[in-house]
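To start, the structure itself, in structure tokens.
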């Protein structure tokens, strides 16, 4: 089976920040954690591929699933042992009005949202899945405005691609051989549904949704 990034992260222990509520002590712990995280990003910006890409503006290359996995592993490694969930809760403690999706299960791709927020590239900390959903809706609206229409079957495939990218950053033809696409007919069905447009659609979504 192909390994997917679409696995919700469960913290091994409960975050002390939320256990203590929003007391001054909890805020100090949260501030120390986020400051250390931001310093980590700055210190390793030239050593970790995902950070190199996220620091570059505009991005010189696309993030790959393996890049995000390597970054998540580096963040989680001792002595830090941070998880997206713990970092998310820390930012919520400090800036609740700027943090969305608190309390929800985290995906590995949420590391991307955390870094972008830490680098002040985004004003709100939003789950990566929500960002992808917002970009997808804008892209669909643009297609309609340009007179491009999709059938109900095509829309079902596009939505499945959207959900896959929310967890895996990208879509490739090879992905159509795995769930959920295999159950929809695999690469052969995708080719019949989109015809000559398949490659173009995939390239557009790779460009737009994981931007």
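Residue numbers (UniProt numbering): 1 to 211.
Where is the CB? At the ideal position from N, CA and C, for every residue including glycine.
Whole-number beta carbon distance between residue j and residue i, since they are thought to touch under 8 Å
i           : j           : result
residue 148 : residue 209 : Going by Cβ atoms, the distance from residue 148 to residue 209 rounds to 17 Å, so no, they are not a contact pair.
residue 49  : residue 70  : 7 Å
residue 212 : residue 84  : The displayed coordinates of the chain run from 1 to 211. Any statement about residue 212 would go beyond what the structure contains.
residue 115 : residue 54  : 5 Å
residue 211 : residue 135 : 7 Å
residue 170 : residue 64  : 7 Å
Three-state secondary structure assigned by DSSP to residue i
i           : result
residue 173 : helix
residue 126 : coil
residue 136 : helix
residue 48  : coil
residue 185 : coil
residue 211 : coil
residue 147 : coil
residue 40  : helix
residue 82  : coil
residue 91  : helix
residue 18  : Residue confidence is low: residue 18 scores 43 on pLDDT, short of 50, so the model does not pin down where it sits. Its coordinate-derived value is still stated next. Note: residue 18 maps to helix in three-state DSSP.
residue 164 : helix
residue 56  : coil
residue 23  : coil
residue 114 : helix
residue 202 : helix
residue 77  : coil
residue 119 : coil
residue 193 : helix
Residues that DSSP places opposite residue i in a beta bridge
i          : result
residue 63 : Residue 63 pairs with nothing; no bridge assigned.
residue 99 : 125
Outcome for residue i when other beta-carbon atoms lying within 10 angstroms are tallied against a minimum of 16
i           : result
residue 77  : exposed
residue 196 : exposed
residue 72  : buried
residue 173 : exposed
residue 127 : buried
residue 60  : exposed
residue 129 : buried
residue 67  : buried
residue 215 : Here the chain has residues from 1 to 211 only, and residue 215 is not among them.
residue 3   : Annotation note: pLDDT 49 at residue 3 (below 50); position unreliable, coordinate value reported separately. Residue 3 comes out exposed.
residue 26  : buried
residue 199 : exposed
residue 97  : exposed
residue 24  : exposed
heavy atom of the ligand FAD below 7 Å from residue i C-beta
i          : result
residue 83 : Summarising the ligand content, the structure contains no ligands, and the ligand FAD is consequently not present.
Within-8 Å CB hit, residue i to chain D
i           : result
residue 203 : Note that chain D does not occur in the displayed structure, where there is just one protein chain.
Quiz item: Counting pairs of beta carbons, one from the segment 188-197 and one from the segment 150-160, are three or more of them closer than 8 Å?
Solution: Result yes; three or more Cβ-Cβ pairs closer than 8 Å.
Practice problem: Count the C-beta pairs between the segment 68-88 and the segment 105-117 that are closer than 8 Å, then say yes if the count reaches three, no if not. | Solution: Here the segment 68-88 lies against the segment 105-117, with 3 or more beta-carbon pairs under 8 Å apart.
Quiz item: Taking three-plus beta-carbon pairs below 8 Å as touching, is the segment 37-48 in contact with the segment 133-143?
Solution: In short, these stretches do not touch, since the Cβ pair count stays below three.
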